Amino acid sequence: MALDIDSILDRIVSHALASGFFEQVNGHEPENAPGAGLTAAVWVDHVQPALSSSGLNSSSALLVFNVRLFTRMRQEPQDGIDPALMKALDVLFTAYAGDFELGGDARMVDLRGAEGAPLSARAGYLNQDQQLFRVFTITLPVIINDAWDEVA
29 MALDIDSILD RIVSHALASG FFEQVNGHEP ENAPGAGLTA AVWVDHVQPA
79 LSSSGLNSSS ALLVFNVRLF TRMRQEPQDG IDPALMKALD VLFTAYAGDF
129 ELGGDARMVD LRGAEGAPLS ARAGYLNQDQ QLFRVFTITL PVIINDAWDE
179 VA
């Protein structure tokens, strides 16, 4: 058994791309400032055994992803920045809740935080390459069954 991180990451990136809201979606945390329009980036934040749902012969995994939505602050109308981000965020949350198993790659998106942090998003600002961005960083917890064999 092993984590199929490529399929899981691809599914999360595909959800974002399919939304039609983003100019680009990266499968990594960008080192450089994103381009114009809305951008999303997906990366693994942390991994641990899923404590309450592992069995005797194998451990399930909790993978917590960051999905960050970016847009430049220097655009008009500024009153439209948060609503645009919230519309994209709403579509992503709908996708995560609706495709609860990420196309069969996961047992579930841990919407309510049974294994830790629930699906959530926090707004903030990011200064990257001397440009100010408005961001929403989504915490996306995903549970994978039988990720690692346990040897007695």
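Residue numbering for the sequence shown follows the working numbering, starting at 29 and increasing by one per position.
Cβ atoms here follow ideal geometry from the backbone N, Cα and C, with glycine treated the same way.
In this text, all values refer to a predicted model and were calculated from it rather than measured experimentally.
Beta-bridge pairing by DSSP links SER80 to no other residue.
Looking at the backbone, the Cα of ALA44 and that of ALA123 are separated by about 9 Å.
Residue range 159-177 is occupied by the beta strand (DSSP E) that includes VAL163. Taking ASP177 as reference, the option from ASN54, SER86, VAL53 with the minimal CA-CA separation is SER86. Per the C-alpha coordinates, the member of VAL72, ASP38, ARG39 positioned closest to THR167 is VAL72. The beta carbon of VAL163 sits closer than 6 Å to those of ARG96, PHE98, GLY152, LEU154, all from its chain and outside the five residues before and after it, given in chain order. Restricting attention to GLN103, GLN158, SER80, LEU139, the CA atom closest to the CA of PHE93 is found in LEU139. Assignment of ASP34 by DSSP, reduced to helix, strand and coil, places it in the helix class. Shown here, MET114 sits in a helix according to DSSP, grouped into three states.
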